[in-house]
Amino acid sequence: MKTVNPESTFSLLFKMEFEDGTLIESNFDNESIEFHIGDGSLTCGMEDALFGKSIGETVSATLSPELAFGLPDENNIHTIPVSDFPADMQPEADQVIAFDGPDDAEILGTIINIEGDEVSVDFSHPLAGRTIIFTAKITDIL
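In terms of this note's numbering, the sequence shown opens at residue 2 and continues consecutively.
Structure, rendered in structure tokens:
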């Protein structure tokens, strides 16, 4: 019987929730999504929860911030002038915005403060610092 191992490519139905049951993301009502261990699509805690599991098994794991999306990092907070935002976009606290990063990569940033003409943006993962409940059903192992 095939099981998920450090070399696996597999398909999943999954959901992520906060501890209070608030749904973050789910594909249980859609098609399975294909993943490969180590490709960065899943956190190390999610991958660890899947190791040794076979097709049809469902796993649920409560992941600490360190095993989910990490902890916020003060070095990821940057101040940006309000004038750098598009004229039709009024920045608001707690708003998550996609910014242009190096090599045309998209980087998500969360507005944490607006003071005068400056906006403080945290470029830590938007779910950093949060405990996540990860539930997954393995639908195929390739």
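The C-beta atom is built at its ideal place from N, Cα and C for all residues, glycine as well.
contact_flag[the region 7-16, the region 34-48] where n(CB pairs < 8 Å) is 3 or more: yes
Sub-9 Å separation of isoleucine 112 and valine 97 beta-carbons: Here the question's residue 112 lines up with position 111 in the sequence shown. Here the question's residue 97 lines up with position 96 in the sequence shown. Against a cut-off of 9 Å, the Cβ pair of valine 97 and isoleucine 112 comes out as a contact.
Identified DSSP bridge partners for methionine 47: Translated into positions along the sequence shown, residue 47 becomes position 46. Paired residues: none, contrary to the question.
Option nearest aspartate 21 by Cα separation, candidates Phe135, Phe52, Ser42: Here the question's residue 21 lines up with position 20 in the sequence shown. It is Phe135.
Bridge-paired residues (DSSP) for glycine 22: Your numbering for residue 22 matches position 21 in the sequence shown. Looking at the DSSP assignment, glycine 22 forms no beta bridge with any residue, so it has no partner.
Nearest candidate by alpha-carbon position, reference asparagine 77, set Val83, Ala88, Leu109, Leu24: As a working note, residue 77 is residue 76 in the sequence shown. The candidate whose alpha carbon is nearest that of asparagine 77 is Leu109.
Segment limits, beta strand (DSSP E) that includes glycine 110: Here residue 110 corresponds to residue number 109 of the sequence shown, with the count starting at 1. Run containing glycine 110: 107-116, per the beta strand (DSSP E) assignment.
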